[in-house]
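Mapping of the sequence shown onto our numbering: position 206 corresponds to residue 213, and the numbering continues sequentially without gaps.
Ideal Cβ positions, reconstructed from N, Cα and C, are used throughout, including at glycine.
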Amino acid sequence: MQIDILTVVPDLLASPLSHSIIKRAREKNLLQINIIHLRDWALNKYGQVDDYQFGGGAGMVMRCEPLANAIDDLQKEQPYDEIIYVTPDGKQHNQQIANELSLKEKILIICGHYKGIDQRIRDLYVTKEISIGDYVLSGGELAAAVIVDSVGRLIPGVLGDETSALSDSFQDNLLAPPVYTRPAEFRGLKVPDELMTGNPKIIDAWRDEQALKRTEERRPDLLQ
Ligand code: ADE
Numbered sequence: 008m009q010i011d012i013l014t015v016v017p018d019l020l021a022s023p024l025s026h027s028i029i030k031r032a033r034e035k036n037l038l039q040i041n042i043i044h045l046r047d048w049a050l051n052k053y054g055q056v057d058d059y060q061f062g063g064g065a066g067m068v069m070r071c072e073p074l075a076n077a078i079d080d081l082q083k084e085q086p087y088d089e090i091i092y093v094t095p096d097g098k099q100h101n102q103q104i105a106n107e108l109s110l111k112e113k114i115l116i117i118c119g120h121y122k123g124i125d126q127r128i129r130d131l132y133v134t135k136e137i138s139i140g141d142y143v144l145s146g147g148e149l150a151a152a153v154i155v156d157s158v159g160r161l162i163p164g165v166l167g168d169e170t171s172a173l174s175d176s177f178q179d180n181l182l183a184p185p186v187y188t189r190p191a192e193f194r195g196l197k198v199p200d201e202l203m204t205g206n207p208k209i210i211d212a213w214r215d216e217q218a219l220k221r222t223e224e225r226r227p228d229l230l231q
């Protein structure tokens with residue numbers, strides 16, 4: 008899978024996408040991430056990509072031409088399956104969207120800055136608008152990193168243990184059950200007996216029950 012990210016602050020994206028599972032996915036070539044500097048399509052030698060808003064008001068808007076030219080160039084050989092704009096007024100990101108995106112071959116994520124991008128780019132190019140929550144970030148880069156991380160780990164072959172994503176929180180609309188490791192007793196608190204039986208049936212039943220209990224207590228909305 009190829010994920011291109013179009014940004015005016017490429018440095019913000021370098022580190023979050025170079026560690027742990029996503030690093031391994033890139034090394035195994037299961038995931039190609041290209042961090043692309045929008046200023047390469049700037050309007051002039053000063054690197055201009057934004058302008059004042061029509062109608063007045065504080066804050067600049069990212070202009071159409073650099074974005075449109077960049078997108079046209081980037082999909083000359085192979086069109087994008089999805090062009091995503093990360094924005095607080097988009098649909099809230101969740102595991103189902105991550106699952107769907109992990110099946111695509113080539114996607115672009117556009118990171119907005121200032122007051123955002125000219126509406127006509129959204130009308131003409133963008134196929135999905137995603138928010139990572141009801142708060143405003145300084146730019147779309149951290150949101151893009153969150154989306155890429157959540158998608159990248161779902162690409163088949165990325166997680167060593169193939170079942171590992173299946174037992175994550177939010178798969179099957181359930182939160183994950185509690186987990187324990189050694190020691191078997193810590194400050195008077197014991198690991199639940201079921202996990203110590205060595206019996207997969209008992210262990211699975213306990214995990215299912217705990218996942219349901221936790222979801223009922225913390226996120227009943229997921230069960231509706
Ligand atoms: N850009 C700024 N805030 C954002 C948010 N909450 N989600 C996605 N992109 C954003």
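Decide if LEU182 is buried, meaning its Cβ has at least 16 other Cβ atoms within 10 Å, or exposed.
Indexing the sequence shown from 1 puts residue 182 at position 175. Buried, by the Cβ-count rule.
At a cut-off of 7 Å, is SER138 close to the ligand ZN when judged by its beta-carbon and the heavy atoms of the ligand?
As for the ligand ZN, it is missing from this structure, which binds only the ligand ADE.
Identity of the residues DSSP links to VAL93 by a beta bridge
Locating residue 93 in the sequence shown gives position 86, counting from the first residue. Answer is CYS118, ILE137.
With respect to the beta strand (DSSP E) encompassing ASP58, which residues constitute its N-terminal and C-terminal limits?
What you label residue 58 is simply residue 51 of the sequence shown in a count that begins at 1. ASP58 -> beta strand (DSSP E) spans 57-59.
Return the chain-ordered list of same chain residues with a C-beta closer than 8 Å to the C-beta of ARG225, the five sequence neighbours on each side being excluded.
Position 218 of the sequence shown holds residue 225. Around ARG225: LEU182.
Does the Cβ of ALA212 have 16 or more other Cβ atoms within 10 Å, making it buried, or fewer, making it exposed?
Taking the first residue of the sequence shown as 1, we reach residue 212 at position 205. The residue is exposed, with fewer than 16 neighbouring Cβ atoms inside 10 Å.
Can PRO73 and LEU45 be called in contact, C-beta distance under 8 Å?
Residue numbering aside, residue 73 sits at position 66 when the sequence shown is read from its first letter. Residue numbering aside, residue 45 sits at position 38 when the sequence shown is read from its first letter. In contact: PRO73 and LEU45 (Cβ atoms closer than 8 Å).
Chain-order list of residues whose beta-carbon lies under 8 Å from that of ALA191 (same chain, five-residue window excluded)
Reading the sequence shown from its first residue, position 184 is the one you call residue 191. Taken in chain order, the residues that qualify are LYS197, VAL198, MET203.
What did DSSP end up calling THR188 once you bin it into helix, strand or coil?
Counting from 1 along the sequence shown, the entry for residue 188 is found at position 181. Correct three-state label for THR188: coil.
Considering Cα atoms alone, identify which of CYS118, PRO17, ASN101 is closest to TYR92.
Within the sequence shown, numbered from 1, the residue matching residue 92 stands at position 85. Comparing Cα-Cα distances from TYR92 to each of CYS118, PRO17, ASN101, the minimum goes to CYS118.
Using the Cβ count rule (16 or more neighbours within 10 Å means buried), how would you classify TYR187?
Taking the sequence shown and counting its residues from 1, the one referred to as residue 187 is at position 180. Result: exposed.
The ligand ADE heavy atoms versus the CB of TYR121: any closer than 7 Å?
Position 114 of the sequence shown, counting from 1, holds the residue named residue 121. It does not: the Cβ of TYR121 is nowhere closer than 7 Å to a heavy atom of the ligand ADE.
Is the segment 57-68 touching the segment 79-87, taking contact as three or more C-beta pairs under 8 Å?
no
Helix, strand or coil for GLN85 per DSSP?
Mapped onto the sequence shown, residue 85 falls at position 78. Correct three-state label for GLN85: coil.
Nearest-angstrom Cα distance between ILE29 and ARG221?
The sequence position of residue 29 within the sequence shown is 22, counting from 1. The sequence position of residue 221 within the sequence shown is 214, counting from 1. Rounded to the nearest angstrom, the two C-alpha atoms are 28 Å apart.
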